[in-house]
Amino acid sequence: MTVILILILISVFFVLLFRLKKKKELSYKCFLLTLPKSGDRQKVFFNHHDPTVEIETIYGIDTKRISNAEKFKHIIKPEYYKEAIRLKYDRRGGRPDITYFNLGAIGCYMGHMEFYRRCFEQNLKYALIFEDNVIVKDHQLYDQIQSVIDVMGDDFEMCFFHCLSRYPDKRENGLERVKWISSTKCYLVHVENMNQYYKYFFPVDNHIDMKHEDIIAEGARVYYKDMRKYMRIDRGKGSTIGHSDWGKKEYFSRQYPNVKTNVLVRGY
Numbered sequence: 001m002t003v004i005l006i007l008i009l010i011s012v013f014f015v016l017l018f019r020l021k022k023k024k025e026l027s028y029k030c031f032l033l034t035l036p037k038s039g040d041r042q043k044v045f046f047n048h049h050d051p052t053v054e055i056e057t058i059y060g061i062d063t064k065r066i067s068n069a070e071k072f073k074h075i076i077k078p079e080y081y082k083e084a085i086r087l088k089y090d091r092r093g094g095r096p097d098i099t100y101f102n103l104g105a106i107g108c109y110m111g112h113m114e115f116y117r118r119c120f121e122q123n124l125k126y127a128l129i130f131e132d133n134v135i136v137k138d139h140q141l142y143d144q145i146q147s148v149i150d151v152m153g154d155d156f157e158m159c160f161f162h163c164l165s166r167y168p169d170k171r172e173n174g175l176e177r178v179k180w181i182s183s184t185k186c187y188l189v190h191v192e193n194m195n196q197y198y199k200y201f202f203p204v205d206n207h208i209d210m211k212h213e214d215i216i217a218e219g220a221r222v223y224y225k226d227m228r229k230y231m232r233i234d235r236g237k238g239s240t241i242g243h244s245d246w247g248k249k250e251y252f253s254r255q256y257p258n259v260k261t262n263v264l265v266r267g268y
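So the sequence shown is numbered by the UniProt record's numbering: it starts at 1 and just counts up by one.
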């Protein structure tokens, strides 16, 4: 009797172990955007990431070095590239307005474009990207993201799960549709639908997050769902981009140039 009981317990143990190790079934593929030198960030991210969820790592390029930034000069509006070079040597006065960026932001932008390139190349339908300072607080995050796909199906282009601030439009199917959004820490894309909007990311004349207002203006359906219950941003290590101050504080959008920042809703 004791032997039988032991065998049953062993069987239960292996069944539970198999279930724990079994890959989570999701409709989307995950990507992590990081830099080769950001080992500490990667370690923290993977310590909290659900190991049953497959993820592909994208190593961005450190464009704080001018030689690296120069490779992308041809797709950046000249006045914006010129300002990024100036900021490398002289930060006095800051940027003319919030749309201008420094050299580090170019690499961030190109990292997100590499995400799209891989999605298209791999013929994915849905894909999710994390930046490397996201900390997953609760593994239910992945199921919550899956629920967006389950509800929306093909009727969306993007859904953001974190933002610093946003310009809300209206609520649809439990999600908040947005006109403008700041932050690309974690978002889901309907890859097939985004095919037609990819061209509007160029030329580069804004930060990657705020550039989304241009694809929204072209008809892209972009949503926001607050996931602070399930994730947070690790701000203890500082920015890998290295932000600087800017002028025209009330101005935030080229699509809505006369709208002031007081319409924006803060995120987390």
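C-beta: ideal position from N, C-alpha, C; glycine also.
Asked, Found
"Validate contact between the stretch 169-188 and the stretch 224-241 using beta carbons, cut 8 Å, 3 pairs", "yes"
"Which listed residue (V134, G107, Y59 and R91) has its alpha carbon closest to that of S67", "G107"
"Proximity below 7 Å, CB of F46 to CB of F115", "no"
"Beta-carbon separation (whole angstroms), G104 vs G60, contact threshold 8 Å", "About 10 Å separates the two Cβ atoms, so there is no contact after all."
"Beta-carbon spacing of L205, K77 below 7 Å", "The sequence given here has Asp at residue 205, not Leu. Yes; because the gap between Cβ atoms is below 7 Å, this pair is in contact."
"Neighbourhood of I75 by C-beta distance below 7 Å, restricted to the same chain and skipping five residues each side", "F202, P203 and V204"
"Cβ-based burial, S147 [other Cβ within 10 Å; buried from 16]", "exposed"
"Close Cβ partners of G93 (< 6 Å) along its chain, the five nearest in sequence each way excluded", "none"
"Burial state of D40 (16 or more Cβ within 10 Å)", "exposed"
"8 Å contact criterion, which Y223 and V178 should meet: CB distance rounded", "7 Å"
"Pair within 7 Å by beta-carbon distance, F101 and H212", "no"
"Continuous beta strand (DSSP E) stretch holding K29: start and end", "K29 to T34"
"Inter-residue spacing [alpha-carbon to alpha-carbon] between K64 and M113", "18 Å"
"Proximity of K125 and V191 at Cβ, strictly below 7 Å", "yes"
"Range covered by the alpha helix (DSSP H) that runs through C119", "L103 to E121"
"Extent of the continuous alpha helix (DSSP H) run through R86", "P78 to Y89"
"First and last residue of the uninterrupted alpha helix (DSSP H) at Y167", "Element bounds for Y167: not the alpha helix (DSSP H) but the beta strand (DSSP E), S165 to E172."
"Through-space distance from E25 to F14, alpha-carbon basis", "Bear in mind that a pLDDT of 47 at F14, under 50, signals an unreliable position, so the number given afterwards is only what the model happens to contain. If I take the Cα positions, the gap works out to 20 Å."
"Beta carbon of S38 nearer than 7 Å to that of D150", "no"
"Beta-carbon spacing of M194, E157 below 7 Å", "yes"
"Euclidean distance between Cα positions of S253 and A84", "19 Å"
"One or two residues paired with R95 in a DSSP bridge", "W246"
"Under the three-state DSSP convention, the category G256 falls into", "In the sequence as displayed, the identity of residue 256 is Tyr instead of Gly. The answer is coil: DSSP assigns Y256 none of H, G, I, E or B."
"Bridge partner(s) assigned by DSSP for T57", "L32"
"Environment of Y268 [buried if 16+ CB atoms lie within 10 Å]", "exposed"
"Three-state secondary structure (DSSP) of L124", "coil"
"R91, buried or exposed, once every other Cβ within 10 Å from all chains shown has been counted against 16", "exposed"
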